[in-house]
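Contents: one structure, followed by commentary.
In our numbering, the protein residues as written are 201 to 372.
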């Protein structure tokens, strides 16, 4: 809930200053930086390091980032909320997809989908989800054995072999 409120705040500011694409790019790069450098997360969240030092570190590290995004990060540092930046970034991306009529579909499969399989699944999803651009996020889940499971907007479509076996077991 807190992440949503912060994402909403930066989203509204990005709207006001027509900076959605820039802020979205800044989120992507910053979150990748944190993922690739887990020790930097520790620096930003360590209580014995002053907020001014953390802000100075951000300023020196994020050269070329938009001032609006940097100011937002400074607020997160001051409010001791920088630890939830990933959740805020996810909420911001969801808001971006919503205003651009894009639906993200997590497609779980036993192995990586081929381009042809992705294309076929996309075609089927377009019939179910009308009026939206569809963004497929393939997630490999070896417990599925075979088939796929698609999850979007709180809905689940399960065509996995493990689901079919479970259903068969129930019917016996």
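Heads up, the beta-carbon is just placed ideally off N, CA and C, and yes, glycines get one too.
heavy atom of the ligand MG below 7 angstroms from residue i C-beta
i           : result
residue 286 : Absent from the structure shown: the ligand MG. Ligands present: none.
Sub-8 angstroms separation of residue i and residue j beta-carbons
i           : j           : result
residue 166 : residue 226 : It is not possible to answer for residue 166, since the shown part of the chain is limited to 201 through 372.
residue 335 : residue 307 : no
residue 318 : residue 337 : no
residue 202 : residue 281 : yes
residue 159 : residue 289 : The requested residue 159 is not part of the displayed model; the chain covers only 201 to 372.
Nearest neighbour of residue i, chosen from the options [CA to CA]
i           : options               : result
residue 352 : 332, 230 and 343      : 332
residue 265 : 205, 309 and 224      : 224
residue 277 : 247, 295, 355 and 260 : 247
residue 347 : 301, 241, 310 and 273 : 310
residue 204 : 295, 370 and 324      : 295
Classification of residue i by the beta-carbon crowding that lies within 10 angstroms, buried from 16 upward
i           : result
residue 211 : buried
residue 340 : exposed
residue 372 : exposed
residue 326 : exposed
residue 221 : exposed
residue 285 : buried
residue 273 : buried
residue 172 : Because the chain in this structure spans residues 201 to 372, residue 172 falls outside the shown range and cannot be described.
residue 321 : buried
Quiz item: Mind pulling the alpha helix (DSSP H) runs of 4 or more residues that sit fully within the segment 203 to 273?
Solution: List check, alpha helix (DSSP H) in window: 220 to 236, 238 to 245 and 251 to 261.
Exercise. May I have a chain-ordered list of the beta strand (DSSP E) segments no shorter than 3 residues that lie completely inside the segment 283 to 321?
Key: Complete beta strand (DSSP E) runs here, min 3: 302 to 309.
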